[in-house]
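Peer 1: Following the numbering used here, the numbering of the sequence shown begins with 6 at its first residue and continues without gaps.
Beta carbons are placed, not taken as given, at the ideal position from N, Cα and C, and that holds for glycine.
Since the structure is predicted, the reported quantities are computational estimates derived from the model, not experimental observations.
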Amino acid sequence: MPDFVRVQVLGTNYEITDRYGQLEPQGFGASGVICSAHDSISKDQVVLKKIAKPFDNVAILKRTFREVHLLNGLRHENLINMRDIFISPSEDIYLVTEAMMTDLYQVIRSKPLESQFVQFFTYQILRGLKYIHSAGIIHRDLKPQNLLINDNCDLKICDFGLARQQDHQMTGYVVTRYYRAPEVMLTWQHYSYAVDIWSAGCILAEMLRGTPLFPGKDHIDQFKIITHILGNPPAELVDRVYSRNTLKFLESLPPREPRPLSSFFVGVEQEAVDIIEKMLQLDPDNRITAESGLAHPYMENFHEPEDEPVADRQIDMSYDDAELPADEWKKKMYQEVLDFHEGACTNVVETIEK
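1. In the DSSP assignment, find the alpha helix (DSSP H) that holds L53 and state where it starts and stops.
2. Go through its chain and collect everything with a Cβ distance to V271's Cβ below 6 Å, but skip five positions before and after it.
3. In chain order, which continuous runs of the alpha helix (DSSP H) of length 4 or greater are located wholly inside the region 225 to 287?
4. Do C163 and N151 have their C-beta atoms within less than 7 Å of each other?
5. Starting from the Cα of M322, find the closest Cα among G16, G141 and R88 and give me that residue.
6. So, P220 versus L287, is the Cβ gap smaller than 7 Å?
7. Mapping the DSSP letters down to three states, classify K337 as helix, strand or coil.
8. Using three-state DSSP, classify L343 as helix, strand or coil.
9. Helix, strand or coil for V200 per DSSP?
10. Would you report the Cα separation of R185 and Y136, rounded to the nearest angstrom?
11. Just reading off the beta strand (DSSP E) that V10 is part of, what are its end residues?
12. Spatial neighbours of T107 within its chain, please: C-beta separation below 6 Å, excluding the five flanking residues on both sides.
13. Thinking just about the alpha-carbon of each residue, which of F345, K335, E341 and V342 is nearest to the one in I65?
14. CB-CB under 8 Å to L53, same chain, minus the five flanking residues each way: which ones, in chain order?
15. Taking just the CA atoms, how far does P187 sit from L131?
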């Protein structure tokens, strides 16, 4: 059994294994302070994320389980890597991930990005999405804050707490507003990987402009701004809307023709504008995929088909529909932690044998 030590950081009590020390606050998450720490075994800097008292709230526990389950099953260079997970004697959950220097939100706001960096970050986003989508998963919350970057400009997608399987019945309130696809705002109950592609297109546009392309004040204003630039949604898209209130809203919109996207990107190469147009199609069926985006001329300097892997299996998310009592979710969470450590031990043995 590991030994636990208590440390207080900015008023937050950490009860962690003695493997970790030198805790420093890095920021605030929904669950409290996020800290960097030194891993005495690997000698690396890592990040500690505390989820306080998750077993007291089924919604928090379910979201935490979902994130841990996905981090356990998804392994890719452009996804954040979970290094460790443990449950403290006080039954708080701690996720330990690799340390990254900053996130894309901070990078965009620090200074204008040179073209090659915009291309490289976009390439890595699409490379990560190709892998995630091949595992049958939609991220659903892609935004600059969830794209972590290190000092080598390596980019990693994080925060899988809202991720779902393709074809799962879903709610409309996912994805931070500026990056929310039209079909989400139109209250579709089933949507596809294309919602992540829309978000990626919005992020690419923001990297080139320095500001969001669709800065809506609320979801209604957001949709109006989208139509002001891209025109009214096509009839085949409206035909898939089942909410009467949403249909009334669409009927109330003044007729608008799409405006040339190039007018919003002064001095930007045509290939960049072209891929944005393909990512920001109002109809998700017409949107480019992550795989085809990687093969677009804009990605020519980085595209290597043999180094853009897909998942070796689909991730099982069948539990997501389960209405389980709290004690059953608790058992599942403990089992997920055990599975992680069993897998970690197997990897160590395989490395030694090699």
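Peer 2: Taking the coordinates as given:
1. For the purposes of this step, residue 53 is identified with residue 48 of the sequence shown, where counting begins at 1. Segment Q50 to I56 is the beta strand (DSSP E) holding L53; no alpha helix (DSSP H) there.
2. Your numbering for residue 271 matches position 266 in the sequence shown. Closer than 6 Å at Cβ, skipping near neighbours: no residue.
3. 240 to 243, 249 to 257 and 275 to 284
4. The sequence position of residue 163 within the sequence shown is 158, counting from 1. The sequence position of residue 151 within the sequence shown is 146, counting from 1. Yes. Within cutoff.
5. Locating residue 322 in the sequence shown gives position 317, counting from the first residue. Among G16, G141 and R88, the Cα nearest to that of M322 belongs to G141.
6. Locating residue 220 in the sequence shown gives position 215, counting from the first residue. Locating residue 287 in the sequence shown gives position 282, counting from the first residue. It is not a contact, given that the beta carbons lie outside the stated cut-off.
7. Sequence index remark: in the sequence shown, residue 337 carries index 332 (1-based). K337: helix per DSSP, three-state reduction.
8. Locating residue 343 in the sequence shown gives position 338, counting from the first residue. Of the three classes helix, strand and coil, the one that applies to L343 here is helix, per DSSP.
9. Reading the sequence shown from its first residue, position 195 is the one you call residue 200. Helix, per DSSP.
10. Here residue 185 corresponds to residue number 180 of the sequence shown, with the count starting at 1. Here residue 136 corresponds to residue number 131 of the sequence shown, with the count starting at 1. Cα to Cα, R185 sits roughly 21 Å from Y136.
11. Along the sequence shown, one-based indexing puts residue 10 at 5. Counting along the chain, the beta strand (DSSP E) containing V10 begins and ends at F9 to V14.
12. Within the sequence shown, the letter at position 102 stands for residue 107. The answer, listed in chain order, is I154.
13. Locating residue 65 in the sequence shown gives position 60, where the first residue counts as 1. Nearest C-alpha to I65: K335.
14. As a working note, residue 53 is residue 48 in the sequence shown. Contacts found: Y19, I21, Y25, L28, I39, C40, S41, A42, Y99, L100 and V101.
15. Locating residue 131 in the sequence shown gives position 126, where the first residue counts as 1. Locating residue 187 in the sequence shown gives position 182, where the first residue counts as 1. The alpha-carbon atoms of L131 and P187 are separated by roughly 20 Å.
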